[in-house]
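Only one structure is covered here, and it is reproduced in the block below.
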Amino acid sequence: MLLLGLTGGIGSGKSTVSGLLSRRGAVVIDADRITREVQAPGGAAYQGIVDRFGSGILAVDGAIDRPALAKIVFNDADALRELNALTHPHVGQVMSERMAAEAETDHVVVLDIPLLVESSRSHPGMAGVIVVDAPEEVAVARLVEHRGMAPADARARIAAQASRDDRLARADFVVDNSGSMDQLAADVDRCWAWIQGLAAAAPAVPQNRD
Numbered sequence: 065m066l067l068l069g070l071t072g073g074i075g076s077g078k079s080t081v082s083g084l085l086s087r088r089g090a091v092v093i094d095a096d097r098i099t100r101e102v103q104a105p106g107g108a109a110y111q112g113i114v115d116r117f118g119s120g121i122l123a124v125d126g127a128i129d130r131p132a133l134a135k136i137v138f139n140d141a142d143a144l145r146e147l148n149a150l151t152h153p154h155v156g157q158v159m160s161e162r163m164a165a166e167a168e169t170d171h172v173v174v175l176d177i178p179l180l181v182e183s184s185r186s187h188p189g190m191a192g193v194i195v196v197d198a199p200e201e202v203a204v205a206r207l208v209e210h211r212g213m214a215p216a217d218a219r220a221r222i223a224a225q226a227s228r229d230d231r232l233a234r235a236d237f238v239v240d241n242s243g244s245m246d247q248l249a250a251d252v253d254r255c256w257a258w259i260q261g262l263a264a265a266a267p268a269v270p271q272n273r274d
């Protein structure tokens with residue numbers, strides 16, 4: 065496999081880019097999606113989170129109310145550390161299992177990790193890191209429109225993450241998502257061509273012989 069990281073700040077449109085890469089043939093391993101899986105009722109992290117934060121974080125159907133939980137941990141560093149300790153080991157295990165399933169293939173595997181820069185979560189086998197970039201005001205406008213955030217709350221969420229400069233410094237390829245969907249699709253096409261160049265230069269996957 066050819067392993068790549070994908071990251072971007074809140075409101076950057078990273079999930080849209082992830083979907084576009086998937087449509088072009090990438091196998092996407094999405095850390096956020098796996099987090100939702102392990103935090104769902106019956107998931108590996110669910111009971112520990114409920115035991116720690118109480119039934120007040122539960123929706124009527126018994127699922128964890130993620131916005132309610134986020135509100136608790138956003139301004140409480142200790143609570144956030146505890147939540148991460150309850151969740152991240154399970155997420156890491158699932159991601160490792162899914163990477164292992166692709167290890168002997170010639171697939172392009174993209175690890176979609178929102179906080180890749182902040183947490184320094186990377187993999188020694190990564191061939192590169194793709195950063196989805198958008199100016200802060202564009203990201204704020206998206207968060208207000210699509211998530212119903214107040215502008216001040218959106219800016220606070222952005223400020224709590226790695227800076228735009230720090231994220232760009234980590235990038236091997238930058239996808240510009242400051243314009244239209246057509247412009248984004250064209251930039252993802254350029255990214256995919258770059259990925260294909262990396263794949264062509266990578267050592268061939270040995271074939272098992274019976």
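Going letter by letter, the sequence shown gives residues 65 to 274 in the numbering used here. We put the CB at the ideal spot given by N, CA and C, even for glycine.
Check for me: the alpha helix (DSSP H) holding residue i runs from which residue to which?
i	result
residue 202	200 to 211
residue 217	215 to 223
Buried or exposed: which applies to residue i, given that a residue is buried once 16 or more other Cβ atoms fall within 10 Å of its Cβ?
i	result
residue 277	The chain is shown from 65 up to 274; residue 277 falls before or after that span and cannot be answered.
residue 65	buried
residue 261	exposed
residue 173	buried
residue 169	exposed
If we ignore side chains and look at the alpha-carbon of each, how far apart do residue i and residue j end up?
i	j	result
residue 72	residue 126	31 Å
residue 7	residue 227	Only positions 65 to 274 of the chain appear in the structure, and residue 7 is not among them; the question remains open.
residue 266	residue 115	47 Å
residue 84	residue 165	22 Å
residue 238	residue 194	6 Å
residue 236	residue 198	16 Å
residue 209	residue 171	36 Å
residue 105	residue 151	13 Å
residue 92	residue 82	7 Å
residue 103	residue 252	31 Å
residue 231	residue 161	27 Å
residue 76	residue 131	19 Å
residue 201	residue 218	10 Å
residue 129	residue 243	32 Å
So who's on the other strand from residue i, going by DSSP bridges?
i	result
residue 180	Answer is none; residue 180 lacks a bridge partner.
residue 94	176
residue 128	122
Which residues mark the beginning and the end of the beta strand (DSSP E) in which residue i is found?
i	result
residue 65	Counting along the chain, residue 65 falls outside any beta strand (DSSP E), and DSSP gives it neither H nor E.
residue 192	190 to 197
residue 155	Not the beta strand (DSSP E): residue 155 falls in the alpha helix (DSSP H), residues 141 to 166.
Taking residue i as the reference, which of the options has the closest Cα?
i	options	result
residue 241	109, 221, 250	250
residue 147	133, 180, 243	133
residue 68	118, 80, 90	90
residue 221	245, 159, 137, 169	137
residue 177	96, 74, 80, 86	96
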